[in-house]
Structure formats: C-alpha cells, structure tokens
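This report concerns only the one structure given below.
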Amino acid sequence: MYRYDEYDQAMVDARVAEFRDQVERRLSGAMSEDQFKPLRLMNGLYLQLHAYMLRVAIPYGTLDGRQMRMLASIARDYDRGYGHFTTRQNLQFNWIKLADTPDILAKLATVEMHAIQTSGNCIRNISSDQFAGAAADEVADPRPYAELLRQWSTFHPEFSLLPRKFKIAVIGADEDRAALKLHDIGLKLVKNEAGELGFEVYAGGGQGRTPMVAPLIREFIAATEFVSYLEACLRVYNRYGRRDNMYKARIKILIHEIGADEYRAQVEEEFQHVKTLGLDPPAAELERIAAMFALPPLDAGAPADIDRSDPDFALWLDAQVVPHKVSGHSIVTISLKPSGGIPGDASADQIDLMADLAERYSHDELRITHAQNVVLPHVRNADLYAVWQALDEAGLGAANLDLLGDIIACPGLDYCALANARSIPLAQKLSERFDAARQRDIGELKLKISGCINACGHHHAGHIGILGVDRKGEENYQLSFGGSGAEDASVGRIIGPGFSEDGVVDAVEKAIETYRGLREEGERFLDTYRRVGPEPFKAAIYA
Amino acid sequence: MTLLRFRDDAAHEEPQVTLDAFLSQPEATAVRLESGEDARALLPYLDRLQLIEIAIPKFRDGRGYSAAAILREAGYTGELRAQGDVLLDQVVFLRRCGFDALSSEAPLDEAAVAEALHRFPGVYQKAIDDRRPVWALRHG
Chain A
1 MYRYDEYDQA MVDARVAEFR DQVERRLSGA MSEDQFKPLR LMNGLYLQLH
51 AYMLRVAIPY GTLDGRQMRM LASIARDYDR GYGHFTTRQN LQFNWIKLAD
101 TPDILAKLAT VEMHAIQTSG NCIRNISSDQ FAGAAADEVA DPRPYAELLR
151 QWSTFHPEFS LLPRKFKIAV IGADEDRAAL KLHDIGLKLV KNEAGELGFE
201 VYAGGGQGRT PMVAPLIREF IAATEFVSYL EACLRVYNRY GRRDNMYKAR
251 IKILIHEIGA DEYRAQVEEE FQHVKTLGLD PPAAELERIA AMFALPPLDA
301 GAPADIDRSD PDFALWLDAQ VVPHKVSGHS IVTISLKPSG GIPGDASADQ
351 IDLMADLAER YSHDELRITH AQNVVLPHVR NADLYAVWQA LDEAGLGAAN
401 LDLLGDIIAC PGLDYCALAN ARSIPLAQKL SERFDAARQR DIGELKLKIS
451 GCINACGHHH AGHIGILGVD RKGEENYQLS FGGSGAEDAS VGRIIGPGFS
501 EDGVVDAVEK AIETYRGLRE EGERFLDTYR RVGPEPFKAA IYA
Chain B
544 MTLLRFRDDA AHEEPQVTLD AFLSQPEATA VRLESGEDAR ALLPYLDRLQ
594 LIEIAIPKFR DGRGYSAAAI LREAGYTGEL RAQGDVLLDQ VVFLRRCGFD
644 ALSSEAPLDE AAVAEALHRF PGVYQKAIDD RRPVWALRHG
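Protein sequences, first through last, are from chains A and B.
Take 1 as the starting number for the first sequence in the working numbering and just add one per residue.
Take 544 as the starting number for the second sequence in the working numbering and just add one per residue.
Right under this line is the structure:
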C-alpha cells in the first residue's frame, strides 16, 4: 500500500489548515454561503436535504485496517454510527455538522486520508480494479499508475476548473471490474509487441443524462509518457469544453460532437508539444511507488483445499470468493447488500470488524468496489471458514455477489437534494422479493437504481436499470434492460412507460420470469436479452 | 477593482485591443483575449507583445488557464494578466499557469494573496512556474 512521505503529509496538513480557516470565516459570517460553496465542494462537503454530507477519498479503493478503523470512529463520533460506501470507491458520511468538518479532516490526515477533489469540476478520485495486485488475469498492478495520477491531478493548476467533473479509471486486467468505458478517461494496462508496458486509452464515456461508451482513442501510450498524454487529453478538453450548459459540458459531449477522430488528432498534436515539457515523473518515482504495492509475502505452498461441509459456508464460498493468483489463497468480497438493507451502508461496528479481519487474515489490506462492497484481497484458504463465521455473525454474510440482491443504488430522495425519487426503499423491496435460492437460480444479474437522471446509481449500465423520475409530483420508475459496465460495455434501453414503486418490482419479476422461460444453457439475463431483444419482455410486462 | 503585479517592470500603459483588431493591425503591443478565443493565434507575434490580458468572466471558467500556459510554453515573457472574476482561492492556480498580474473586479487583499501563495509547501506537478514538483525533490 502507498505510504505518505513528508511531502504528501505536508500537503494534506496544509489543506486541513486552509479549510479550518475557511470554515471559521463561514461560521463567523465573514464569508457568505455563495463564496463558501466552491471551497467546501473542493473538500468533498455537500449540503444535502437534511445535513452536510462529507465524501472521503479512498484512492483507487485501497485502504488498511488503521484507516478503516478511523472511518468507524468518525461514524461513531460525528455521524449516526454508520458510513456509506460509494460507486467511486469512496465513503460518505451523511449526517455531518459543518463546525465538525475541520476536526474530521484533521483526524483523517493522521491516517493519510483526505477529502480532496471528491467533488467539484476537477479530476476526481482515480478508481481501479478492486482485485488489483491479487487477480490472476492482469498484466501488471494498475495502482502504482493510479497513485502517480492521484499526485499529478492533486491541485493541478490548469485542470482544477474544468467544464465539469472528470473521472479516470485505471485497470490492468482483461476482465473489466471497474466500468472502465463509462469513465471520462479509461486506461487499460497492456504490453506492446516489444513487451513494454503502456495503456490503451478510452475517452468520452459516461453516464448521467447522456450515457456513452468511451471509444478507443489511442491503442498504446508508453507508461513512461502517459502523464504527458493525459495532460494533452485534458488540455484539449479544457480549451474546447462548453461552459454555457452544465449538462453538455462533459468530455463525452465534446467527443460526440467533434468525433473521436478529430479529438484524437487534436490530442496528438497537443501531445507532440506537451511531451517536450518534461511532465512525466522519472522511472525512479514509479519504482518508489510500485515498491509499496508489492505483493505481501504469501506462502504458495499453503494448502488449497477448503472444507465445504458446512452448506451455508459453501454457498457463501461459491458466491463471494475467487482464487488469488497465489495458490492456496483467495480474494473475498464482503457483501454490503443484506436482504432488505441499504446498499453500501455499514455500521461503525461492522467497519471495525472488517478492519480486524483485514489485519488478521488479509495482510492488513481492504478494497472498496464500485459496486459498493468491500474486498479482503489476500486470504489463506485455510482461514476462509473463520472469516465467514465472523462476517455472518456481524450480518455481513450475504452470499449474493453479482446476483439480483447485489444492487447498486444511489442515496436517492432519502438524502440527496437533486433526487426525484427514492432509491433505497426500492432496493430493499427488490432484495426482499427474491429470496437467496431464487437469486441463485436467476444467476448473474446486475440491477442498478438511480433516483434521478444524473445516474449516480449507474442504471444505464444495469442488466436491469431503474431510473426514478418525478411525474406530476409522484415518484415514477422507468425500467431499462441490456446495459453493462463490464468489458462488453453497453447502455441499457428503456422498455416502455414507467411504474409506481410496487409496480416496478412486479415488472422486474415478470421480466425475470420471461428470462427464465427463454434462457438457454449458461445464458445470463443479459445474454438472453441481447439474443432475443426487448419484445418478449415488453409483452410480458405490459400484458 | 484591484491590480496586483508580480513583475518588476512598469505597468504597460497602452490600451489593449481585441484579438480581431490585433490580427488586422499587429503593430499593437497589448491585446485582450476573451474566454474561448484561441491563444495560439498570437504565437507569431509574441516577441512584440508586452501585455496580454486574458478574461476570466466567471471564476469557474478555466479556459484562461490553458491559454496562459500555452503562451508561456511558447516563450512569451511579457505581462500576462488575468482580468475579471479573479478570486483569492484561485491565485495559486493562476500564478502556476504563468499569470504575473491579477486584475480583479472585487477587491483582492494583497496580504491574503501573499499568504495563499505560501500556504502549500509543495506542488505535485510541473507547471509554468519554476517550482520543482515533489517527484523531482524526492529523486534529487
């Protein structure tokens, strides 16, 4: 894991001091809310429906037990005893008092954490593959590159007032676990014919009002030049990106309007100039960072066998656990989606427990996933049963990864000032409608719910997506099918007129029964839908 | 209105012409770029220009930062002035992109600006100013 040195610590400490001063000026009335708003947003502090929400950055979703415990402690001392893990691998506290925020940021800084650039029209927290460094299918660990980008993008003078927010993901595997092509820029580590490491660069993906799958704009940029290349990508966007309409200001709109070829050509021209400026850190800096992400000492001779005699454990094992690249070890995903629960929420006690388990069984490492779950990346197979028992006792033993109950949902109208409809109660009803056995029978099904068009719940990328809208003062839910945030990325299509909250639960059930009737051997819901098209589903739902 | 200059020479007195006017009479020595105008149009004339003013119509409009960087990277050494909605909280970014004069519509407190410019002990990336990024400090 990355560790701050004196330089990193000094930057974060200075930021805390600056924000403390700004909050004091706001509380004393010396600064108006208008003047304060952009400043608090640069520190991840939003004013929601009922209280301030503070979004804490978890760079590329990686953290250790000490950091996790600090999150639990803040949840207990300053919130209502829980935190909410987000689709950008961050954590949000929903019940924060403005006067407490400088102290919270100061506490975070003691464990090398911050809330810098978790909101605002700047480069946001860099996201990555939650299995990075542990997965068998990756070219290299993407996190050292993500950390290079974290530093490059932090307080970047030219790119702190972009037309809109800017999200970058970095992965190193063929299987896309990070929704790469739905990012403003997606970087995939690859090797060229000479065996050198570099990136495929995708640009102009996104969700929101205008969902787009990012086109490939460069087949290979050497890892030694990729900071310069990104600088060129951002500069072209910053110069041309629209400022007149915030809904048309994302890079996806620019690339859609001028075309991927024109954008590519302009970036190329800019890059020829930018790469002469010496912006890329030296190889020694990458090596310094990469050394901190070295694989922990895992015993490849550890016994691989797992005793499956406890049937509940076996079910959990099949759902939540995949092999590690080192024999005798596994990657465990902890579901934060209990039946009837709030997707992504964890209590302070649960957060502490996950910290304990990480320290004891996973070389003090945890990951947050964009699907709002938590990963223990390096667990010995011999310890899996003990891990499961501890999780199950704490209400964290759900066995539903990538099944219907593993719902991504935004906070919705229960918290969010932008929302048109509630997301959480709908997620709760859906997970209660389908019991565990039924979910297993249905198989992989990514169900995602957004409470408004901004699509924070990734509904466009759902095999089944649900969008809450306001129709004449009533909450109404539109249903779409066929989206995917994985390597086969696609945007879902709306199936027809919307439903009430209970109506949409019924409609989902009818769609699933239709799938069960039509599926061929090995087909997921998404595969069947893609094969047969929307008509049979439409007929069943609107019969 | 406040004008803060970070240069030793005397302020340039000639009025700034618009980009269009400048391109048709390039003997002028001072020009103003509106947000969204292409700074590259000035590159052939940088030697004779003594003042380039770049409009910041709203602090959120960050196009002027790229315009400034492009002019400096091309070797412009005259005064580069940010004019408009120039706020305390952006002065570090403005200075790092090569602006050496700040002309703000609302009063800008000189002491507060000086404090803001010294608040952060390091920088993470190379920019137009001569500050060495932390990666350079780490590796001598």
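All C-beta atoms in this analysis are idealised placements derived from N, C-alpha and C, irrespective of residue type, glycine included.
Predicted model, so just to flag it, every value in this text is computed and none were measured.
Item                                                                                                                         : Value
Whole-number beta carbon distance between Phe525 of chain A and Ile453 of chain A, since they are thought to touch under 8 Å : About 24 Å separates the two Cβ atoms, so there is no contact after all.
Enclosing beta strand (DSSP E) for Gln320 of chain A [first to last residue]                                                 : From DSSP, Gln320 of chain A is part of no beta strand (DSSP E) but of the alpha helix (DSSP H) over Pro311 to Gln320.
Residues in the region 644–674 of chain B having any Cβ partner in chain A nearer than 9 Å                                   : Ala659, Arg662, Phe663, Pro664, Gly665, Val666, Tyr667, Gln668, Lys669, Ala670, Ile671 and Asp672
Simplified DSSP assignment, three categories, for Tyr263 of chain A                                                          : helix
Classification of Lys188 of chain A by the beta-carbon crowding that lies within 10 angstroms, buried from 16 upward         : buried
Beta carbon proximity, Gly605 of chain B to chain A, threshold 7 Å                                                           : yes
Ala612 of chain B at chain A interface by Cβ criterion, 7 Å                                                                  : yes
Near-chain B residues of the region 147–160 of chain A (beta-carbon distance less than 7 Å), N- to C-terminal order          : Gln151, Trp152, Thr154, Phe155, His156, Pro157, Glu158 and Ser160
Candidates A:Gln350, A:Asp184 and A:Ala178: closest to Leu162 of chain A by CA position                                      : A:Asp184
Cutoff 7 Å: Pro59 of chain A Cβ touching any chain B Cβ                                                                      : no
The region 260–272 of chain A contacting the region 311–325 of chain A, beta-carbon criterion three pairs below 8 Å          : no
Cβ of His682 of chain B within 7 Å of any chain A Cβ                                                                         : yes
Secondary structure, alpha helix (DSSP H): runs of 4+ residues fully inside the region 73–157 of chain A                     : 101–110 and 143–153
Contacting residues, own chain, Cβ-Cβ under 6 Å from Ala294 of chain A (five flanking each side not counted)                 : none
The beta strand (DSSP E) enclosing Ile597 of chain B, as first and last residue numbers                                      : Leu594 to Ile599
Within chain A, the residues that Phe636 of chain B reaches when beta carbons sit closer than 7 Å                            : Pro157 and Ser160
Met212 of chain A beta carbon less than 7 Å from that of Lys275 of chain A                                                   : no
Residue of A:Ile449, A:Glu444, A:Ser480 and A:Met42 minimising C-alpha distance to Gly412 of chain A                         : A:Ile449
Tyr542 of chain A classed as buried or exposed, judged by whether at least 16 other C-beta atoms fall within 10 angstroms    : exposed
One or two residues paired with Tyr240 of chain A in a DSSP bridge                                                           : Beta-bridge pairing links Tyr240 of chain A to no other residue.
Bounding residues of the beta strand (DSSP E) (the contiguous stretch that carries Ile255 of chain A)                        : Element bounds for Ile255 of chain A: not the beta strand (DSSP E) but the alpha helix (DSSP H), Ile251 to Ile258.
Touch test, the region 590–599 of chain B against the region 618–625 of chain B, Cβ-Cβ under 8 Å, three pairs minimum        : yes
Minimum length 3: unbroken beta strand (DSSP E) runs contained in the region 447–495 of chain A                              : 447–450, 464–471 and 474–481
Residues that Glu285 of chain A contacts on chain B, provided the C-beta gap is smaller than 7 Å                             : Trp678, Arg681 and His682
Alpha carbon of Glu577 of chain B to alpha carbon of Ile597 of chain B, nearest angstrom                                     : 6 Å
Segment contact, 8 Å Cβ cut-off, at least three pairs: the region 397–408 of chain A with the region 117–137 of chain A      : no
Best match in A:Lys337, A:Gly328 and A:Val326 for proximity to Ala319 of chain A [C-alpha to C-alpha]                        : A:Lys337
Cβ of Glu268 of chain A within 7 Å of any chain B Cβ                                                                         : no
Alpha-carbon to alpha-carbon, Ala140 of chain A and Ala540 of chain A                                                        : 46 Å
Beta-carbon spacing of Ile306 of chain A, Asn381 of chain A below 7 Å                                                        : yes
Chain A contacts made by the region 566–586 of chain B, where a contact means CB separation under 7 Å                        : none
In DSSP terms, what Arg380 of chain A is bridged to                                                                          : A:His329
C-beta neighbour in chain A for Tyr608 of chain B, strict 7 Å                                                                : yes
Of the residues B:Asp581, B:Gln633 and B:Cys640, the one placed nearest Thr540 of chain B, counting alpha carbons only       : Summary: the structure shown does not reach residue 540 of chain B, with chain B confined to residues 544 through 683, and so no result is reported for it.
At least three beta-carbon pairs within less than 8 Å, the region 129–138 of chain A to the region 163–182 of chain A        : yes
Alpha carbon of Ala106 of chain A to alpha carbon of Asp13 of chain A, nearest angstrom                                      : 7 Å
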